[in-house]
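Those protein sequences? They're chains A and B, same order as listed.
Each residue of the first sequence is one higher than the last, beginning at 219 in my numbering.
Each residue of the second sequence is one higher than the last, beginning at 72 in my numbering.
From the three backbone atoms N, C-alpha and C, an ideal C-beta is built for every residue, glycine too.
Since the structure comes first, as structure tokens, the remarks are kept for the end.
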Amino acid sequence: DAGVIQSPRHEVTEMGQEVTLRCKPISGHDYLFWYRQTMMRGLELLIYFNNNVPIDDSGMPEDRFSAKMPNASFSTLKIQPSEPRDSAVYFCASSTAGTSNTGELFFGEGSRLTVL
Amino acid sequence: AQSVSQHNHHVILSEAASLELGCNYSYGGTVNLFWYVQYPGQHLQLLLKYFSGDPLVKGIKGFEAEFIKSKFSFNLRKPSVQWSDTAEYFCAGITGGFKTIFGAGTRLFVKA
């Protein structure tokens, strides 16, 4: 079974440009998470969805960030306009409230964003 | 507030040395706890997890962790580390709602 798939793996853009990161969760998983990882701040939860509905977006830095999940197999994280301080690795993860209900996260390979 | 804290940010060990990485959590009620590992350039993957039962949990690659409720701790241990254990280790916890909170991470470097 395929794992969590993210694209692009690397993105270099200039300040002010729009950036869209994409994620395909594991089929059957009903939770999807977006995390940001930086050296200074570690791993931060930005937002998570349950059954395509945003549950907690308190970690979204500011209005420049938005996330959507139009269906169970696709999510986007958009930054508009991007700034150099947004440079980070963005991870998508999925999970399921299965019978074991332990909440283990399955991570994608990450999208490394560099904003010049 | 719910939080997970890791005591050591950087650890350097020689091969065959024993490892213990500290993790404390502050949650009320039922808690599920995890240790994840991130090898250089890779994504996070699960090492082990605790959600109920035996407080001593064994994971992959010889790692284990002990849940001590009275101390709010979930320390990670390995009796003898290898060079290939060089990685960053994250403690994490969830309580209800599936919101997973991660500690700051501990970077382990094992000298060959």
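Proximity below 9 Å, CB of residue i to CB of residue j
i              : j              : result
residue 282(A) : residue 301(A) : yes
residue 222(A) : residue 325(A) : yes
residue 226(A) : residue 312(A) : no
residue 237(A) : residue 296(A) : yes
residue 140(B) : residue 150(B) : no
residue 176(B) : residue 328(A) : no
residue 90(B)  : residue 152(B) : yes
residue 256(A) : residue 334(A) : no
residue 75(B)  : residue 95(B)  : yes
residue 314(A) : residue 253(A) : no
Residue of the options minimising C-alpha distance to residue i
i              : options                           : result
residue 180(B) : 73(B), 83(B), 142(B) and 116(B)   : 83(B)
residue 310(A) : 267(A), 276(A), 303(A) and 271(A) : 267(A)
residue 330(A) : 303(A), 289(A) and 234(A)         : 303(A)
residue 133(B) : 103(B), 164(B) and 155(B)         : 155(B)
residue 220(A) : 241(A), 274(A) and 245(A)         : 245(A)
residue 99(B)  : 173(B), 163(B), 143(B) and 175(B) : 143(B)
residue 162(B) : 126(B), 151(B), 121(B) and 152(B) : 121(B)
residue 110(B) : 172(B), 160(B), 165(B) and 183(B) : 160(B)
residue 275(A) : 288(A), 240(A) and 251(A)         : 251(A)
residue 321(A) : 153(B), 76(B), 105(B) and 113(B)  : 105(B)
residue 172(B) : 315(A), 228(A) and 265(A)         : 265(A)
residue 131(B) : 148(B), 80(B) and 79(B)           : 148(B)
residue 113(B) : 119(B), 92(B), 170(B) and 158(B)  : 158(B)
residue 183(B) : 174(B), 73(B) and 87(B)           : 87(B)
residue 123(B) : 174(B), 115(B) and 145(B)         : 145(B)
residue 289(A) : 258(A), 332(A) and 272(A)         : 272(A)
Proximity test, Cβ basis, 9 Å: residue i and chain B
i              : result
residue 323(A) : yes
residue 229(A) : no
residue 313(A) : yes
residue 328(A) : yes
residue 246(A) : no
residue 292(A) : no
Under 8 Å by beta carbon: chain A residues contacting residue i
i              : result
residue 165(B) : 321
Residue i, enclosing beta strand (DSSP E) - first and last residue
i              : result
residue 165(B) : 158 to 165
residue 104(B) : 103 to 109
residue 81(B)  : 81 to 85
residue 295(A) : 292 to 297
residue 179(B) : 177 to 182
residue 260(A) : 260 to 268
residue 274(A) : 271 to 274
Contacts of residue i in chain A (Cβ-Cβ under 7 Å)
i              : result
residue 103(B) : 320 and 321
CB contact check: residue i to chain A, cutoff 9 Å
i              : result
residue 87(B)  : no
residue 173(B) : yes
residue 145(B) : no
Listed by chain order, chain B residues near residue i by CB distance under 8 Å
i              : result
residue 308(A) : Going along chain B, no residue has its Cβ under 8 Å from residue 308(A), so there is no contact; the nearest lies around 11 Å.
Chain B residues whose Cβ lies nearer than 9 Å to that of residue i
i              : result
residue 295(A) : Per Cβ cutoff of 9 Å: no residues; residue 295(A) is ~16 Å from chain B at best.
Interface residues of chain B facing residue i [CB-CB closer than 7 Å]
i              : result
residue 250(A) : Under the 7 Å cutoff, chain B gives no residues; its nearest Cβ is about 10 Å from residue 250(A).
- [ ] Give, in chain order, every residue of the segment 106 to 127 of chain B whose Cβ lies closer than 8 Å to some Cβ of chain E.
- [x] The structure shown contains no chain E; its protein chains are A and B.
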